[in-house]
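**Student:**
Structural data, given as structure tokens:
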């Protein structure tokens with residue numbers, strides 16, 4: 089801990105790229121994680137909480153994301169453990185745990201993990217160095233029934249947290265099918281996988297840019313190359329037209345009916361062994377999901393899903409929210425992807441030398457929360473503060489405490505004002521800052537008469553904003569009730585805003 | 089990220105002093121945190137989740153615990169933020185947040201925080217470098233009504249998580265009373281607080297050792313000093329007998345009736361201004377708690393509570409479990425302290441220059457869980473695995489998936505076996521490792537006849553352990569039922585073990 093500059097006063101700031109979460113931001117996320125854990129657990133997945141710190145050796149030096157291989161971690165050196173770092177995802181620790189405890193864990197091992205991960209990336213707007221991941225993986229199950237199960241679970245999970253059917257879609261693809269298509273297009277040689285690697289890289293990146301460049305742009309990249317608006321030239325994969333047709337056909341293979349998509353893919357992969365295997369697997373997944381009633385309104389086979397394909401070895405899947413929201417500039421846009429995953433086989437092998445099949449999904453909890461907030465589906469109740477019992481007479485604090493006790497025992501969130509009670513206006517300002525729905529007032533006069541004043545602060549705020557003087561008179565937002573009616577009257581007001 | 093040694097295979101291990109938590113260890117803690125948050129929230133406390141990483145400048149270089157001032161943190165240097173470290177508690181980040189957002193936060197600010205903290209200490213048995221803290225603090229409330237509120241909340245919280253009244257006690261003391269006693273004993277000079285500091289230090293440490301050394305040992309340390317069994321001599325505070333009497337009287341001041349304890353303390357602090365103030369505060373707290381019905385069966389004034397006194401400036405409190413448990417060597421012992429806290433005033437001042445009064449409690453969640461497990465009050469249900477539907481015929485996977493779906497829709501945790509189904513024995517071993525209560529079996533024969541086999545694995549295990557051959561025959565643990573009765577029969581078995 090060297091080099092701490094001497095300063096008269098330390099700065100009250102988080103390190104760059106970190107932030108704090110307040111009140112309902114925390115509780116809404118907790119509630120969502122609880123709902124997700126409930127679904128995962130019902131599917132037989134077991135909780136796992138690994139340490140936040142791992143040895144760099146166990147973690148691996150780089151993130152597995154091929155698009156950003158140099159994404160950093162937060163690491164430091166310890167005398168007794170060597171170089172250690174904060175975990176950057178939940179998958180690397182899972183591989184370590186499975187290798188370490190494989191004799192004690194059941195096989196297959198279904199586990200879920202939720203918690204913060206840390207990435208030493210350049211921070212940007214809405215992009216933080218600490219964020220939540222919420223993963224479910226099945227380790228040691230070679231059957232694609234495990235992939236189907238996770239897709240079904242993903243669908244159930246989205247509905248559990250409040251995304252209604254029709255507002256989301258789970259898309260499934262298979263890395264093997266893409267390999268088959270590459271083989272047919274002549275950019276993959278099964279007898280020498282290193283051949284054409286550069287070309288395949290260009291093809292992958294081109295497919296990934298379909299949204300942005302459109303079909304013509306992608307086709308140019310598959311061929312000789314493409315000049316962008318600024319005049320810069322990007323070298324293409326050098327595919328002949330017939331080869332490019334195969335790749336373009338793959339991206340365009342989705343049909344309205346799943347069986348037709350599969351038939352089209354089978355055409356495209358032709359004689360490719362790996363390609364046929366991929367289509368067979370997709371078919372098996374589709375059959376299993378169909379039998380359980382997951383129709384195309386929830387889960388579809390969609391060859392245009394290429395997300396993270398470099399990392400996966402078989403089925404890949406992704407969940408997208410299909411409704412539109414307004415962005416910060418007021419423009420309509422699709423909300424987009426909130427979860428993704430797939431099958432990967434080599435993570436445990438690093439430790440044990442044995443390949444262990446695994447498949448899993450990661451849900452972007454913060455994105456899901458943002459979606460639900462954008463649709464107004466959460467944040468109404470959870471942002472509401474407690475009932476505030478004001479203090480008119482410091483000597484009668486015990487009486488005020490008794491009032492909050494009664495309210496709490498009735499299940500109502502309540503507190504006594506504990507600041508300096510001299511200025512009553514400050515107490516109401518405090519209640520306002522707390523977003524309190526109700527304030528309770530009992531001065532000496534009220535105490536003598538056995539009554540209390542109950543202020544409906546929500547109505548009060550509304551009247552202050554909207555009402556004319558006439559209306560103000562007609563719609564009182566303060567009620568005098570008997571002391572014994574405290575709980576009943578407060579509940580009556582709270583019920584108005586449920 | 090330099091100096092990573094090249095090795096053929098990385099070691100699958102956590103760094104020294106860290107561990108993983110599996111299954112019910114995770115879910116039981118989550119459930120306890122949820123219950124605690126529920127109580128805290130009802131009291132009007134708001135959730136706060138700060139980043140795990142803080143600047144060393146904001147954190148302060150040392151832990152506030154006077155007994156271990158050199159306790160280390162995990163820190164490293166960042167290009168854009170300078171030296172940063174993982175938080176070592178929840179209080180330092182609270183001070184930083186309050187200083188940073190004081191214009192936006194309500195005053196008083198009641199907040200709770202739950203999550204892991206990290207300490208770079210020597211690991212030992214049961215002592216880890218990452219563990220949970222669960223704090224509630226009120227910042228900006230000078231009134232001891234805030235301390236009383238936290239003591240009441242602590243009592244409610246313990247009962248909410250499953251510690252019945254009578255199995256715990258919350259003890260309250262006041263640092264000011266101790267200072268008053270020191271003044272009377274002649275080891276505190278209000279006009280020069282630096283005077284007698286060494287003597288006061290010895291007195292504090294002596295009081296803290298009452299449990300271990302007994303009255304005679306403490307008295308020796310208050311006087312000339314003490315020779316221990318090994319012959320080593322510890323220098324005493326050099327108090328005359330009359331002075332030592334005052335201090336000993338303080339530790340012994342607890343009476344059966346709270347009012348008598350307070351009267352005795354008032355005697356002891358005599359003319360000391362700070363001492364009288366301390367007794368007044370204790371009296372105010374006692375009155376407030378009394379009015380709400382918190383009697384001596386839940387909360388008492390107890391002058392022998394000295395925990396962490398060096399850090400606090402006013403009331404201090406501690407919750408202790410009073411029941412006995414058996415330790416790892418089979419010896420009966422008191423479970424002891426599970427929560428503690430008090431009033432502190434200088435943490436925010438570091439940042440803003442203004443003293444802000446604050447009081448708060450920290451609950452040792454892992455110790456509370458250990459206590460509940462030791463009493464057998466949790467761990468029965470939460471350790472139970474899912475119902476396992478076995479796979480007799482791989483081609484009928486869709487049917488098996490349908491069975492788990494039916495079970496899940498009925499609220500029952502269930503899964504299909506997804507390993508290699510060839511060896512049926514492995515499937516039952518798997519169910520055993522999962523701690524499954526029930527296995528479902530449907531072979532080709534059963535499918536034809538429209539029935540399924542349901543195995544009660546809990547009863548099965550019991551029979552295998554205890555039963556004679558006769559009993560084995562009389563108590564079948566496997567039932568053949570119609571396929572349509574799957575859910576009903578499984579529920580019937582699960583209900584047996586509720």
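Chains as they are written, first to last, in my numbering: chain A, 89 to 586; chain B, 89 to 586.
Every residue gets a Cβ at the ideal spot worked out from N, C-alpha and C, and that includes glycine.
All figures in this text were calculated on a predicted structure; none of them were measured in a lab.
On the DSSP bridge assignment, give the partners of residue 166 of chain B in chain order.
**Tutor:** For residue 166 of chain B, which the question treats as bridged, DSSP gives the partners B:170.
**Student:** Counting only Cβ pairs nearer than 7 Å, list the residues of chain A close to residue 204 of chain B.
**Tutor:** Correct list: 140.
**Student:** Suppose contacts are defined by Cβ-Cβ distances below 8 Å. Is residue 259 of chain B in contact with residue 386 of chain B by that definition?
**Tutor:** No, Cβ-Cβ distance for residue 259 of chain B and residue 386 of chain B is not below 8 Å.
**Student:** Determine the direct distance from the alpha carbon of residue 573 of chain B to that of residue 548 of chain B, and round the result to whole angstroms.
**Tutor:** Looking at the two C-alpha atoms, the distance is approximately 21 Å.
**Student:** Here's the rule I'm using: 16 or more other beta-carbon atoms within 10 Å means buried, otherwise exposed. How should residue 481 of chain B be labelled?
**Tutor:** Exposed: under 16 other Cβ atoms inside 10 Å.
**Student:** Along chain A, which residues have their Cβ under 7 Å away from the Cβ of residue 485 of chain B?
**Tutor:** What residue 485 of chain B touches in chain A: 233 and 376.
**Student:** When DSSP labels each residue in this structure, what does residue 424 of chain A get in the three-state scheme?
**Tutor:** Residue 424 of chain A falls in the strand class under three-state DSSP.
**Student:** Provide the residue span of the alpha helix (DSSP H) that contains residue 433 of chain B, from first to last.
**Tutor:** Where residue 433 of chain B is concerned, there is no enclosing alpha helix (DSSP H), given that its DSSP letter is neither H nor E.
**Student:** Quick one: give me the first and last residue of the alpha helix (DSSP H) that residue 260 of chain A is part of.
**Tutor:** First-last for residue 260 of chain A: 256-262, but that is the beta strand (DSSP E), not the alpha helix (DSSP H).
**Student:** Going by beta carbon distance, what residues of the same chain come within less than 6 Å of residue 467 of chain A, once the five residues before and after it are set aside?
**Tutor:** If we look at residue 467 of chain A and ignore the five residues flanking it on each side, its Cβ neighbours are 461.
**Student:** Looking only at DSSP bridge pairs, what is residue 200 of chain A linked to?
**Tutor:** In DSSP, residue 200 of chain A forms a bridge with A:135 and A:224.
**Student:** Could you pull the DSSP bridge partners for residue 542 of chain A from this structure?
**Tutor:** BP columns for residue 542 of chain A point to A:528 and A:567.
**Student:** I'd like to check one pair, residue 324 of chain A with residue 313 of chain A: are the Cβ atoms closer than 8 Å?
**Tutor:** The answer is yes: Cβ separation under 8 Å.
**Student:** Per DSSP, which one or two residues make a beta bridge with residue 403 of chain A?
**Tutor:** A:262.
**Student:** Please report how far the alpha carbon of residue 376 of chain B lies from the alpha carbon of residue 207 of chain B, in whole angstroms.
**Tutor:** One C-alpha to the other measures close to 37 Å.
**Student:** So, is the C-beta of residue 406 of chain A closer than 8 Å to a C-beta in chain B?
**Tutor:** Taking Cβ atoms only, chain B never reaches closer than 8 Å to residue 406 of chain A, which makes this a no.
**Student:** Taking the alpha carbon of residue 463 of chain A as the reference point, which residue from A:441, A:415, A:486 and A:499 has its own alpha carbon closest?
**Tutor:** It is A:415.
**Student:** Does DSSP put residue 208 of chain A in a helix, a strand or coil?
**Tutor:** Correct three-state label for residue 208 of chain A: strand.
**Student:** If we call anything under 8 Å between Cβ atoms a contact, is residue 110 of chain B one with residue 139 of chain A?
**Tutor:** Contact flag unset, no.
**Student:** Residues in the segment 515-540 of chain A with C-beta within 8 Å of chain B's C-beta atoms, listed in sequence order?
**Tutor:** Listed by position along the chain: 518, 521 and 522.
**Student:** Spell out whether any CB of chain B is found under 8 Å from the CB atom of residue 350 of chain A.
**Tutor:** Not an interface residue.
**Student:** On the CB-based measure, 16 or more other CB atoms within 10 Å of its CB, does residue 221 of chain B come out buried or exposed?
**Tutor:** Classification of residue 221 of chain B: buried, given that the 10 Å Cβ count is 16 or more.
**Student:** On the three-state DSSP scale, how would you describe residue 450 of chain B?
**Tutor:** Residue state, collapsed to three classes: strand.
**Student:** If we call anything under 8 Å between Cβ atoms a contact, is residue 196 of chain B one with residue 226 of chain B?
**Tutor:** Yes, they are a contact pair.
**Student:** Should the segment 444-456 of chain B be regarded as contacting the segment 490-502 of chain B, the criterion being three or more beta carbon pairs within less than 8 Å?
**Tutor:** With a cut-off of 8 Å, the segment 490-502 of chain B and the segment 444-456 of chain B do not count as touching, because too few Cβ pairs lie within range.
**Student:** With 16 other CB atoms within 10 Å as the buried threshold, where does residue 445 of chain A fall?
**Tutor:** With 16 or more Cβ atoms within 10 Å of its Cβ, residue 445 of chain A is classed as buried.
**Student:** For residue 354 of chain B, which residues from the same chain have a beta carbon less than 6 Å from its beta carbon, with the 5 sequence-adjacent residues on both sides left out?
**Tutor:** Cβ neighbours of residue 354 of chain B beyond the five flanking positions: 367.
**Student:** Can a CB atom of chain B be found closer than 8 Å to the CB of residue 371 of chain A?
**Tutor:** With 8 Å as the cut-off, residue 371 of chain A does not count as an interface residue toward chain B.
**Student:** How would you write the range of the alpha helix (DSSP H) that residue 116 of chain B sits in, first residue to last?
**Tutor:** Its alpha helix (DSSP H) spans residues 112-130.
**Student:** Starting from residue 109 of chain B, find everything on chain A with Cβ-Cβ shorter than 7 Å and list it in chain order.
**Tutor:** Neighbours of residue 109 of chain B on chain A, chain order: 137.
**Student:** Using 8 Å as the limit for Cβ to Cβ distance, is residue 587 of chain A near chain B?
**Tutor:** Since the first residue shown for chain A is 89 and the last is 586, residue 587 of chain A is missing from the structure and cannot be characterised.
**Student:** Check this for me: beta carbons of residue 350 of chain B and residue 272 of chain B, under 8 Å apart or not?
**Tutor:** The answer is no: Cβ separation not under 8 Å.
**Student:** Under a Cβ-count criterion, where at least 16 other Cβ atoms within 10 Å of its own Cβ denotes burial, should residue 263 of chain B be classed as buried or exposed?
**Tutor:** Residue 263 of chain B comes out buried.
**Student:** With DSSP collapsed to three states, give me the class of residue 252 of chain A.
**Tutor:** Coil, per DSSP.
**Student:** Taking 8 Å as the threshold (beta carbon to beta carbon), is residue 158 of chain A in contact with chain B?
**Tutor:** Note on residue 158 of chain A: pLDDT 42, under 50, position unreliable in the model; the coordinate value appears next. No, residue 158 of chain A lies away from the interface with chain B (no Cβ there is under 8 Å from its Cβ).
**Student:** Please report the distance separating the alpha-carbon of residue 141 of chain A from that of residue 332 of chain A.
**Tutor:** Approximately 46 Å, taken between the alpha carbons.
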